[in-house]
Amino acid sequence: MEMLPEGLADALLPWYERRARDLPWRREPTPYRVWVSEIMLQQTRIEAARGYFERFMAALPTVADLAAADEQTVLKLWEGLGYYSRARNLHRAAKLVVEQYGGALPGDVKALRSLPGVGDYTAGAVASIAFGLPEPAVDGNVLRVCARLTCCAESIGQPRVKDGFREQLRRQYPPDRCGAFTSALMELGETVCLPGTPECGACPLREKCAAEKTDRPERWPVMPGKRPRRIEERTVFILERDGRVALTRRPDRGLLAGLWELPNVPGALDETAALCLADSWGCEPAGIEPCGAAVHVFTHLEWHMTGWRVRCQAAPERFVWTTAAEREREYPVPSAFRAYKDKDQL
Ligand code: SF4
């Protein structure tokens, strides 16, 4: 495969020293903080993750605190970030770290890699940033930079391309600046070598970059064929009684496992069908009104939702009937339902 140009660290590090953003996990890069931040950042933008990270660290400042927390507390701190399996894996991994390593994350890629939710990327980030080891962390941003530096003709979806760049980068790590090199590569991908519009004029690697010498550097990387998302219609119910709203808990497995949600069913029910269903649940509906349509996009699935607000005269026990304060405090409701919360309808 194409070879990366030499001397990346020498060109990148002075730029990184001048340009590095002040991010909370960079201020005190302990293994725990780096680990939690990298898990949060896997599917979340930096600006969105900042506040979550600070709250998470304030509530659970050590691996031992995380291991000792109950799952609902962890999920509540994660509420709105999505991809809740990340939070569950973090929790399980913290327990393992306490049991097997006395509460200190291991400074070894293989051991890190064996923890739930930790892949090559996260293991590389923790090993290099927190432990100063020459271990690359190759995510989509770094892969894009590498593909452009080399005009890589192969799809970045192929494991051999990622593995190949990881091995090439490993050889370029400066022994005394491993963490800074990892962070600098990420920073370049996040702030300069952007997916649609690379800002080559501001890039410290432009003299070394093959794509920059072409008329359209944004043509790289070659992307893998995308799988179309499945569309699922759902009807969402805001069941109200005496200022309380019904929630129900999702099954322990599958999509949004174990989280609380507004009652919802497959299909787009019209008013009559929605009323009949609420009646069959034992809610004794006294009135119904539409409360809008909403779309939520998961990785491989889109929910197209129709909402109905139903005034109920009975509060069947199949649901938990919650006040606004209780929902805020105790029940992690996933952001798939944000449209209904944001419209002040909850
Ligand atoms: S020169 Fe342009 S395409 Fe090349 S790495 Fe820099 S920003 Fe990306």
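Here this note's numbering = 1-based position in the sequence shown + 595.
Note that CB positions come from ideal geometry on N, CA and C, so glycine has one too.
Here valine 817 has Ser750 as same chain residues with Cβ atoms under 6 Å from its own Cβ, once five neighbours each way along the sequence are excluded. Taken from the Cβ of leucine 738, every heavy atom of the ligand SF4 lies 6 Å or farther away. Less than 7 Å separates the beta-carbon of tyrosine 647 from that of leucine 676. Going by C-alpha positions, proline 790 is about 35 Å away from threonine 657. If only uninterrupted beta strand (DSSP E) runs of at least 3 residues are considered, none is enclosed by the region 613-657. Alanine 806 has its CB nearer than 6 Å to a heavy atom of the ligand SF4. Arginine 761 sits close to valine 733, with the two beta carbons spaced by under 7 Å.
Between tyrosine 678 and leucine 670, the beta carbon gap of about 12 Å keeps them out of contact (Cβ cut-off 8 Å).
Selection Val905, Pro858, Gln763 and Val890 evaluated against valine 928 yields Pro858 as nearest (Cα-Cα). Taken through DSSP and simplified to helix, strand or coil, phenylalanine 932 comes out as helix.
According to DSSP, histidine 891 shares a beta bridge with Trp898. For the 7 Å CB-CB criterion, valine 860 and threonine 894 do not form a contact. With fewer than 16 neighbouring CB atoms inside 10 Å of its own CB, isoleucine 826 falls in the exposed class. Restricting attention to alpha helix (DSSP H) runs no shorter than 4 residues, the region 678-737 encloses them at 680-696, 704-708 and 715-720, ordered along the chain. Secondary structure note for alanine 841: its beta strand (DSSP E) is the uninterrupted segment 839-844.
Apart from the 5 residues on each side of it in sequence, proline 600 sits with its Cβ closer than 7 Å to the Cβ of Leu744 and Lys803 in its chain, given in chain order.
The beta carbon of arginine 614 sits closer than 8 Å to the beta carbons of Glu782 and Thr786 from its chain, once the five residues preceding and following it are set aside; these are given in chain order. Of the heavy atoms belonging to the ligand SF4, at least one sits nearer than 6 Å to the Cβ of arginine 743. Contact between the region 833-846 and the region 764-771 is not established, with fewer than three Cβ pairs separated by less than 8 Å. The C-beta of alanine 663 has fewer than 16 other C-beta atoms within 10 Å across all chains shown, which makes the residue exposed. Leaving aside the five residues that flank cysteine 747 on each side, the residues in its chain whose CB is nearer than 6 Å to its CB run, in chain order, Glu597. Residue range 919-925 is occupied by the alpha helix (DSSP H) that includes glutamate 921, with no beta strand (DSSP E) assigned at that position.
Here the region 604-614 makes no contact with the region 627-645; the two share fewer than three CB pairs at distances below 8 Å. Closest in C-alpha terms to glutamate 633, from the list Leu607, Asp605 and Ala682, comes Ala682. Within its own chain, the residues whose Cβ lies closer than 6 Å to the Cβ of glycine 752, once the five positions on either side in sequence are excluded, are Pro819, listed in chain order. Glutamate 921 sits away from arginine 904, with the two beta carbons spaced by 7 Å or more.
For glutamate 597, the three-state secondary structure derived from DSSP is coil. Apart from the 5 residues on each side of it in sequence, methionine 900 sits with its Cβ closer than 6 Å to the Cβ of Arg829, Val831 and Ala889 in its chain, given in chain order.
With a cut-off of 6 Å, the C-beta of leucine 599 is classified as distant from the ligand SF4, since no heavy atom of the ligand falls inside that distance. Annotation for threonine 668: the continuous alpha helix (DSSP H) segment containing it runs 666-673. According to the DSSP secondary-structure assignment, serine 750 is paired through a beta bridge with Val817.
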